[in-house]
Each structure stands twice: as C-alpha cells, then as structure tokens.
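**Q**
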Amino acid sequence: MENIKKWIKKPWPYWVGGILLGILNIILLWTTGTSWHITSGFLLWAVGVLQWLGLEPLKWEYFTYLQHNYQSIIENNNLFINKYTILNMGTVIGALIATLLASQFKWKKIKDKKQVLFALLGGVMMGYGTRLAFGCSVGSFFSGVPSFSLHAWVFGIFITLGAWIGVKIIIKFLS
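Going by the working numbering, the letters in the sequence shown line up with residues 14 to 188, in that order.
(1) In angstroms, rounded to a whole number, what distance separates the CA positions of Gly179 and Ala115?
(2) Since I believe Gly152 is in contact with Ser48 (beta carbons under 8 Å), could you give me their beta-carbon distance rounded to a whole number of angstroms?
(3) On a CA-only basis, which of Val137, Asn82 and Ile123 is nearest Leu187? Give me that one, please.
(4) Should the stretch 33-50 be regarded as contacting the stretch 86-101, the criterion being three or more beta carbon pairs within less than 8 Å?
(5) From Leu113, Leu109 and Val60, pick the residue whose C-alpha is nearest to that of Lys22; which is it?
(6) Would you please state the rounded distance, in angstroms, between the beta carbons of Thr45 and Lys121? I believe it to be under 8 Å.
(7) Within 10 angstroms of its Cβ, does Phe190 collect 16 or more other Cβ (buried), or is it exposed?
(8) How do the stretch 30-45 and the stretch 155-164 stand: do at least 3 beta-carbon pairs fall below 8 Å, yes or no?
(9) Quick one: measure Cβ to Cβ for Leu57 and Tyr83, integer angstroms, because I've assumed they're closer than 8 Å.
Next comes the structure, spelled out in structure tokens:
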C-alpha cells in the first residue's frame, strides 16, 4: 500500500504521461469516432449562451462554416449536453482527482491585480486564437500528429515559440 501511495504522489516521467494520453486518444477515437477536441465544447456553449441572449449566431459566417460539424447537436438542441462537454468535464474532474491524490490541491491567494489582468487577457487571447486556428493544442497538435497532418507540426513549432516568448514577457512584467 505504501508503494502505491508513493507511485501516486510522485511525479511521473513525461514518457509515461505521453503513452497514457496516446492510449486515451485511441480509446476516444474508437468509442466516439472523433479525435480529442477541447474547444468544440466551449464553442457550442457560446452558441447556446448567445442564443439565450436573443442573438442568432448560427447565421453568422463563422458558425455557418462550422455548422456541418455539429449539425446533429445543434438540431437536437444539445448544446450543453454532448460528447464534447462530457469530455471537457471528464478532463477537469480527472485533473482534480489526480491533484487531490497527489495532495497538491491548494487555494492560492491573488497577489497582485496585474496577475488577474494577465490571466484574463491571456484567456481571451488563447480563446480567440483557438477559434482562429479551429482548435487548441489538443485538437491541433495531439490529434493532428497521429494523423500525419502537416498543420500539426507547424502548430507545434509556433506554440513552442509562443510559449517561450510568453514566459519571457511574464518574467519581465511579474518580477
């Protein structure tokens, strides 16, 4: 029992995580017929919220271009309960369980208003960027590389470059 506790609490090597994510991606593709998508669920939520506010986003050019991908979900009005939402919730709950098992969960106090501003600004830019790129790092890279898609490798190069620049900016402004 003590070995299991050590195994759970101790950080795993990256290659183990990579193999497990690859296996999960195969299982997901086999069971749902689609690769791993994260931002698709958020896109559908946005459609639902905009419709609730009285807008008609499905008539906007951006959504009409994507509508064929989500036709059955939209027609059945399952914008908040669908395979993308379930996958997102499973990802969040799984991360929470892993954090709790490793005794790493803790609330952190916000130290500075700049921290909140950078978090909000970063979230907006990431959300906007994922929709321009038609997906996030999971959909664009993690699901693109196994399908031998050139866009996934281009995405990987530029997300690495962007992360490096982002770290430099954060160090400069938050130090």
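From the three backbone atoms N, C-alpha and C, an ideal C-beta is built for every residue, glycine too.
**A** Taking the structure as given:
(1) Cα-Cα distance, rounded: 28 Å.
(2) Indeed, because the Cβ distance is near 7 Å, the residues count as touching under 8 Å.
(3) Residue Ile123 is the option with its Cα nearest to Leu187.
(4) Contact between the stretch 33-50 and the stretch 86-101 is present, because at least three Cβ pairs lie under 8 Å.
(5) When only C-alpha atoms are compared, the closest one is Leu113.
(6) Between the beta-carbon of Thr45 and that of Lys121 there is about 35 Å, and that puts the pair past the 8 Å contact cut.
(7) Beyond the ends of the chain as shown, which are 14 and 188, falls residue 190; an answer cannot be given.
(8) Enough Cβ pairs lie closer than 8 Å, so yes.
(9) Rounded, the Cβ-Cβ distance is 6 Å, consistent with contact.
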